[in-house]
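K.L.:
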Amino acid sequence: MPYDPPRDVCVSAPTGSGKTLAYVLPIVEILSTRIVTRLRALVVLPTRDLVTQVRETFEAVGKGRGLKIGTATGHHSFAHEQSQLVADKSLELQGGSSKVDILICTPGRLIDHLHGTPNFSLQHLRFLVVDEADRLLAQSFQDWLAEVLAAVRPPPNPLPLPVISSALLPYPDALAPSFLHPHIPTDLDETKEPSCQKLLFSATLTSDPGKLKALGLREAKYFVVRSADGEQEGVAEGVAMEKFTMPATLREHMIVCESALKPLMLLYLIHHHGVKNALVFTKSAESTARLVRLVEFFEDAWAKGQGDRRARKIVARAYSSDLPPGERRGILEQFRKGEVDMLVASDLISRGIDISSVSHVVSYDVPVDMRKYVHRVGRTARAGREGDAWTLVEEQEARYFKSILKAANHLERVKRMRVSEKDTQDLSPFYDTALARLREVFSRAS
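For what it's worth, UniProt numbering labels the leading residue of the sequence shown as 1, then goes sequentially.
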């Protein structure tokens with residue numbers, strides 16, 4: 001029979017729609033039939049946090065299946081990772097040796113192992129998953145992709161393999177790539193392609209043909225998951241070209257204000273619109289730290305002004321790439337338990353981390369483009385739940401923000417809310433007190 005490798009798959013779907021399970025379930029089901037442990041599924045993600053989360057999903061789904069799952073992110077020493085991934089480094093073995101069936105990793109650490117770990121091989125790979133594909137296909141990540149695809153390809157001049165009878169190979173491994181199968185003589189000398197199937201997942205799907213070409217997709221199937229109201233238009237022949245999908249249960253708002261009043265607008269949302277269980281996104285770690293301190297000072301002043309210092313205050317915590325992974329996990333757990341009302345974050349958290357209790361997302365700083373907006377607001381209204389997204393827009397940014405929404409045919413979905421001075425007059429005295437205290441603290445620090 002002619003060689004018929006599997007077709008590749010590209011999926012564009014809103015965050016929270018189950019993209020992770022869409023590849024975890026079939027990979028676990030198919031690899032559960034394997035006889036010998038080989039590295040057969042490789043999942044590449046942009047951050048350590050996402051690697052941890054996806055591993056937890058694989059472990060939950062694959063419980064009792066006997067599959068071995070590993071990670072490589074640089075969180076542990078290189079020698080420790082090597083000991084967890086390969087069975088034998090002393091001898092060079094054809095096809096390598098692996099202690100894991102599934103490896104979940106970041107691209108940089110993957111390249112480290114390709115270059116520096118003896119017997120670390122991708123020749124048996126059955127699945128290559130690129131999650132958060134738009135980010136990983138960015139220019140800075142191009143080198144890792146070329147090296148991985150080269151490592152997956154069959155050796156250029158493989159040695160002839162002897163005919164092996166069923167008596168010598170009583171339990172053939174049907175998951176092995178075709179170029180490693182026992183040789184079956186035929187009259188057709190056919191060049192074998194890799195059997196590895198590429199699976200791309202993202203809330204956005206790039207329309208850059210150069211980036212897609214670099215993947216060498218094989219008769220790719222494109223799937224677009226639309227919201228219930230079918231809002232996504234312009235999808236031709238099943239290919240999502242720079243289109244954005246949003247949950248139908250998401251309500252979107254924007255407030256245009258002076259730059260100096262943005263903190264007050266956030267406090268207005270907290271105290272007059274019940275914005276709790278909220279993720280607040282800023283443009284930098286410094287902005288995150290300052291905003292958290294300001295909210296803390298305001299809550300102190302507010303409780304004192306109400307005559308009850310024991311009153312329940314809004315608890316805000318900073319979450320950014322500056323924090324060690326263990327501390328970030330602890331903060332996320334506090335947020336899930338409701339011990340933290342508001343998580344103020346850099347954009348690190350906006351990619352694929354599933355926190356089911358999020359009711360509100362606030363873009364304290366306007367996102368730089370529509371992609372960033374999609375990934376921020378995608379933290380709420382997940383799995384059919386309702387949610388609100390709020391964007392605080394400085395007056396000089398309003399035209400730009402509206403233009404990116406309009407270009408994505410999304411402007412009508414985002415409702416403008418007008419907030420007057422009268423609306424915030426009960427908060428202003430405590431806000432002024434908090435600002436004065438913040439200035440004092442940061443002036444001492446400098």
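Backbone N, C-alpha and C fix where the C-beta goes; we use that ideal spot for every residue, glycine too.
When DSSP builds the beta bridges, which residues end up paired with W390?
P.N.:
Taking the first residue of the sequence shown as position 1, residue 390 is located at position 390. In the DSSP output, where bridge partners are listed per residue, W390 has H253 and V362.
K.L.:
Checking 8 Å against the spacing of the C-beta atoms, do G326 and S359 come in under that value?
P.N.:
Taking the first residue of the sequence shown as 1, we reach residue 326 at position 326. Taking the first residue of the sequence shown as 1, we reach residue 359 at position 359. It is not a contact, given that the beta carbons lie outside the stated cut-off.
K.L.:
What residues match up with L199 in a beta bridge as DSSP calls it?
P.N.:
Residue numbering aside, residue 199 sits at position 199 when the sequence shown is read from its first letter. V9 and V129.
K.L.:
Judging by CA-CA distance, which residue of A389, Y268 and A408 is the nearest neighbour of K422?
P.N.:
Taking the first residue of the sequence shown as 1, we reach residue 422 at position 422. If we check each option's Cα against that of K422, Y268 comes out closest.
K.L.:
Rounded to a whole number of angstroms, what is the C-alpha to C-alpha distance between E81 and I331?
P.N.:
Stepping through the sequence shown from its first residue, residue 81 is reached at position 81. Stepping through the sequence shown from its first residue, residue 331 is reached at position 331. Answer to the nearest angstrom: the Cα atoms are 26 Å apart.
K.L.:
Figure out for me which residue from A389, T20 and F201 has the closest Cα to the Cα of A278.
P.N.:
The residue you call residue 278 lines up with position 278 of the sequence shown. Looking at the Cα atoms, A389 is the closest of the given residues.
K.L.:
Let me confirm a value: residue 475 is counted as buried when at least 16 other C-beta atoms fall within 10 Å, else exposed. Which label applies?
P.N.:
Residue coverage of the chain in this structure runs from 1 to 446, which leaves residue 475 outside it and unanswerable.
K.L.:
Identify, in the order they occur along the chain, each residue of the same chain with its Cβ nearer than 8 Å to the Cβ of R55, setting aside the five sequence neighbours on each side.
P.N.:
Stepping through the sequence shown from its first residue, residue 55 is reached at position 55. I69, T71 and I104.
K.L.:
Let me check understanding here. Comparing Cα to Cα, which of S77, G64, R65 and R109 lies closest to V43?
P.N.:
On the sequence shown, position 43 is the one that residue 43 refers to. Answer by Cα proximity: R109.
K.L.:
Evaluate E395 with the Cβ neighbour count: other Cβ atoms within 10 Å of its Cβ, from every protein chain shown; 16 or more gives buried, anything less gives exposed.
P.N.:
Residue numbering aside, residue 395 sits at position 395 when the sequence shown is read from its first letter. Counting Cβ neighbours within 10 Å, E395 comes out exposed, since fewer than 16 surround it.
K.L.:
Grouping DSSP H, G and I as helix and E and B as strand, with all else coil, what is A434?
P.N.:
Working through the sequence shown from its first residue, we reach residue 434 at position 434. Helix at A434.
K.L.:
Would F281 count as contacting chain C if we go by Cβ distances under 8 Å?
P.N.:
Note that chain C does not occur in the displayed structure, where there is just one protein chain.
K.L.:
In angstroms with no decimal places, state the Cα-to-Cα distance between E339 and A138.
P.N.:
Position 339 of the sequence shown, counting from 1, holds the residue named residue 339. Position 138 of the sequence shown, counting from 1, holds the residue named residue 138. Taking the straight line joining both Cα atoms gives about 37 Å.
K.L.:
Quick one: Cα of R34 to Cα of R126, how far?
P.N.:
What you label residue 34 is simply residue 34 of the sequence shown in a count that begins at 1. What you label residue 126 is simply residue 126 of the sequence shown in a count that begins at 1. One C-alpha to the other measures close to 11 Å.
K.L.:
Which residues does DSSP pair with R70 in a beta bridge?
P.N.:
For the purposes of this step, residue 70 is identified with residue 70 of the sequence shown, where counting begins at 1. According to the sequence as given, residue 70 is Gly; it is not Arg. In DSSP, G70 forms a bridge with L103.
K.L.:
Let me confirm a value: E58 is counted as buried when at least 16 other C-beta atoms fall within 10 Å, else exposed. Which label applies?
P.N.:
Start at 1 with the first residue of the sequence shown, and residue 58 comes out as number 58. Reading off the sequence, residue 58 comes out as Phe, not Glu. By the neighbour-count rule (16 or more Cβ atoms within 10 Å), F58 is buried.
K.L.:
Looking at C-alpha atoms only, which residue of K262, L250, Y23 and A13 is the closest neighbour of V419?
P.N.:
The residue you call residue 419 lines up with position 419 of the sequence shown. Answer by Cα proximity: K262.
K.L.:
Take the Cβ of K19 as the centre, count every other Cβ of all protein chains shown within 10 Å, and call the residue buried at 16 or more, exposed below.
P.N.:
Locating residue 19 in the sequence shown gives position 19, where the first residue counts as 1. K19 is buried by the Cβ-count criterion.
K.L.:
Taking V28 and G62 to be in contact with their CB atoms under 8 Å, please state how far apart those CB atoms are, rounded to whole angstroms.
P.N.:
Here residue 28 is taken as the residue at index 28 of the sequence shown, counted from 1. Here residue 62 is taken as the residue at index 62 of the sequence shown, counted from 1. Right, their Cβ atoms sit about 5 Å apart.
K.L.:
Can you name the start and end residues of the alpha helix (DSSP H) that F78 belongs to?
P.N.:
Indexing the sequence shown from 1 puts residue 78 at position 78. Its alpha helix (DSSP H) spans residues F78 to L85.
K.L.:
Would DSSP call Y268 helix, strand or coil?
P.N.:
Position 268 of the sequence shown holds residue 268. Helix.
K.L.:
The alpha helix (DSSP H) with L122 in it runs from where to where?
P.N.:
Within the sequence shown, numbered from 1, the residue matching residue 122 stands at position 122. It is not in any alpha helix (DSSP H) - L122 carries neither H nor E in the DSSP assignment.
K.L.:
Let me know the secondary structure DSSP gives A381 once reduced to three states.
P.N.:
Along the sequence shown, read from residue 1 onward, the residue named residue 381 stands at position 381. It is coil, neither helix nor strand.
K.L.:
Could you check what DSSP says for A278 in three-state terms: helix, strand or coil?
P.N.:
Reading the sequence shown from its first residue, position 278 is the one you call residue 278. DSSP places A278 in strand when its eight states are reduced to three.
K.L.:
Quick one: Cα of V366 to Cα of S287, how far?
P.N.:
Residue 366 sits at position 366 when you count from the first residue of the sequence shown. Residue 287 sits at position 287 when you count from the first residue of the sequence shown. Approximately 13 Å, taken between the alpha carbons.
K.L.:
Assess contact between the region 313 to 325 and the region 399 to 414, defined as three or more Cβ pairs (one per stretch) separated by less than 8 Å. Is contact present?
P.N.:
The region 313 to 325 vs the region 399 to 414: no contact.
K.L.:
So is L392 buried or exposed if we call it buried at 16+ other beta carbons inside 10 Å?
P.N.:
What you label residue 392 is simply residue 392 of the sequence shown in a count that begins at 1. Buried: at least 16 other Cβ atoms inside 10 Å.
K.L.:
Which residue wins for smallest C-alpha separation from H124, given the options R135, P154 and V292?
P.N.:
The residue labelled residue 124 in the question sits at position 124 within the sequence shown. It is P154 whose Cα lies nearest to the Cα of H124.
K.L.:
So what's I184 in DSSP terms, helix, strand or just coil?
P.N.:
Along the sequence shown, one-based indexing puts residue 184 at 184. Per-residue confidence for I184 stands at a pLDDT of 49, beneath the threshold of 50, marking its modelled position as unreliable; no derived number is given.
K.L.:
Going by C-alpha to C-alpha distance, which of V224, L212, V256 and Y222 sits closest to E397?
P.N.:
The sequence position of residue 397 within the sequence shown is 397, counting from 1. Selected option, being the one with the closest Cα: V256.
K.L.:
So what's R416 in DSSP terms, helix, strand or just coil?
P.N.:
As a position in the sequence shown, residue 416 is number 416, starting the count at 1. Strand at R416.
K.L.:
My output table needs one value for residue 448: the three-state DSSP class, helix, strand or coil.
P.N.:
Not covered by the structure: residue 448. The range shown for the chain is 1 to 446.
K.L.:
Between which two residues does the beta strand (DSSP E) harbouring A41 extend?
P.N.:
Within the sequence shown, the letter at position 41 stands for residue 41. Start and end: A41 to V44.
K.L.:
Per DSSP, what are the beta-bridge partners of P318 in this structure?
P.N.:
Residue mapping note: residue 318 aligns to position 318 of the sequence shown, counting from 1. It is Ala, not Pro, that sits at residue 318 in the sequence shown. Bridge partners of A318: V344.
K.L.:
Buried or exposed: which applies to A146, given that a residue is buried once 16 or more other Cβ atoms fall within 10 Å of its Cβ?
P.N.:
Your numbering for residue 146 matches position 146 in the sequence shown. Result: exposed.
K.L.:
Going by DSSP, name the residue or residues bridged to T204.
P.N.:
Position 204 of the sequence shown, counted from the start, is the residue given in the question as residue 204. F244, per the DSSP bridge assignment.
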